[in-house]
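Beneath this line is the structure, given in structure tokens, with notes to follow.
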Amino acid sequence: VSHDLKEPLRGARAFTKLLMEEYADKLDDEGRGHLKTISESSSRMTRLIEDLLNFSRIGRIRQVEPNVELNEVLSYVKKNLQYSLEEKGVDLKIKGDFPKVMCDRIRISEVFSNLISNAIKYCKKGVKPVIELGYSDKGSVYEFYVKDNGIGIDEQYHDKVFQIFQRLHAKGGEYEGTGAGLTIVKKIVENHNGRIWIESEGEGKGSIFYFTLPKT
Ligand SMILES: Nc1ncnc2c1ncn2[C@@H]1O[C@H](COP(=O)(O)OP(=O)(O)OP(=O)(O)O)[C@@H](O)[C@H]1O
Ligand SMILES: [Mg+2]
Numbered sequence: 284v285s286h287d288l289k290e291p292l293r294g295a296r297a298f299t300k301l302l303m304e305e306y307a308d309k310l311d312d313e314g315r316g317h318l319k320t321i322s323e324s325s326s327r328m329t330r331l332i333e334d335l336l337n338f339s340r341i342g343r344i345r346q347v348e349p350n351v352e353l354n355e356v357l358s359y360v361k362k363n364l365q366y367s368l369e370e371k372g373v374d375l376k377i378k379g380d381f382p383k384v385m386c387d388r389i390r391i392s393e394v395f396s397n398l399i400s401n402a403i404k405y406c407k408k409g410v411k412p413v414i415e416l417g418y419s420d421k422g423s424v425y426e427f428y429v430k431d432n433g434i435g436i437d438e439q440y441h442d443k444v445f446q447i448f449q450r451l452h453a454k455g456g457e458y459e460g461t462g463a464g465l466t467i468v469k470k471i472v473e474n475h476n477g478r479i480w481i482e483s484e485g486e487g488k489g490s491i492f493y494f495t496l497p498k499t
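Numbering-wise, this note's numbering comes out as the position in the sequence shown, counting from 1, plus 283.
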């Protein structure tokens with residue numbers, strides 16, 4: 284399937300490139316502009332297909348292990364994000380000692396990684412990003428949260444942001460991304476029989492992403 288989806292686009296891109304390289308001087312500025320648009324659109328389409336393919340693969344749970352040490356998962360995620368954390372001067376607080384849970388360790392690290400990346404990305408200009416991770420024991424489930432002091436999300440969009448390619452801050456190209464992250468996160472959480480939701484006081488007031496994982 285992957286090949287079938289990508290091949291026609293590869294052809295379109297190759298011929299656009301050929302036109303740009305070998306026929307550019309036979310076209311006027313307007314024509315060259317159109318070619319550039321075709322080239323940019325097909326690059327974007329390629330990225331969307333990649334995401335779609337990753338989406339169909341990534342959410343899938345491969346290897347569930349009992350007693351996955353979430354402290355270890357978090358230090359791994361933190362190490363992977365070290366560069367962006369330092370670049371943005373993030374104060375990352377991890378509250379308490381995280382529990383051991385039965386889960387697919389790779390997938391759950393993707394959940395934390397995506398949520399923390401978003402918290403870093405959607406911070407407020409001129410405000411030091413403070414991100415807090417914590418959890419509480421709710422009996423049969425653990426409830427985890429990732430809280431930021433960033434730009435916040437208006438309540439009307441709390442479901443929408445989990446849909447694929449839905450982005451609230453895409454205009455102006457200020458924030459890079461394709462809008463697949465939270466869709467993948469939701470799929471992973473639900474494949475673990477958990478739930479995910481957002482709390483935010485609204486735009487400009489930070490967000491909290493909550494998700495649950497059953498204890499067993
Ligand atoms: N912590 C946050 N604070 C404010 N807005 C957020 C936050 N996390 C997500 N959003 C909004 O939800 C949208 C969807 O998030 P999602 O992670 O799915 O996509 P993305 O970050 O745009 O791209 P990517 O696929 O690279 O993750 C974002 O474009 C942004 O508008
Ligand atoms: Mg994201």
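Just so you know, even glycine gets a beta-carbon here, dropped at the ideal spot from N, CA and C.
Legend entry - Proximity of residue 393 and residue 467 at Cβ, strictly below 8 Å: yes
Legend entry - Any non-hydrogen atom of ligand 1 within 7 Å of residue 490 CB: yes
Inset, instruction - Take residue 387 as the anchor and find which of 318, 439, 353 has the nearest alpha-carbon. - result: With distances taken between CA atoms, residue 387 lies nearest to 353 out of 318, 439, 353.
Inset, instruction - Please classify residue 499: does DSSP put it in a helix, a strand, or coil? - result: coil
Legend entry - Any 3 or more C-beta pairs closer than 8 Å across the segment 355-371 and the segment 316-326: Because the criterion of three Cβ pairs below 8 Å is not met, the segment 355-371 and the segment 316-326 do not touch.
Inset, instruction - Enumerate, from N- to C-terminal direction, the unbroken alpha helix (DSSP H) stretches of 4 or more residues contained entirely within the segment 404-444. - result: Restricting attention to alpha helix (DSSP H) runs no shorter than 4 residues, the segment 404-444 encloses none.
Legend entry - beta strand (DSSP E) segment containing residue 344, residue limits: From DSSP, residue 344 is part of no beta strand (DSSP E); its letter is neither H nor E.
Legend entry - C-alpha distance - residue 414 paired with residue 426, whole-angstrom precision: Near 17 Å, if we compare the C-alpha coordinates of residue 426 and residue 414.
Inset, instruction - State the start and end residues of the unbroken alpha helix (DSSP H) segment that holds residue 362. - result: 353-363
Inset, instruction - Could you say if the segment 417-434 and the segment 488-497 meet the contact criterion of at least three C-beta pairs nearer than 8 Å? - result: yes
Inset, instruction - For ligand 2, enumerate in chain order all residues having a CB closer than 7 Å to any of its heavy atoms. - result: Any heavy atom of ligand 2 counts here; residues with a Cβ closer than 7 Å to one of them, in chain order, are 397, 400, 401, 404, 460, 464, 465.
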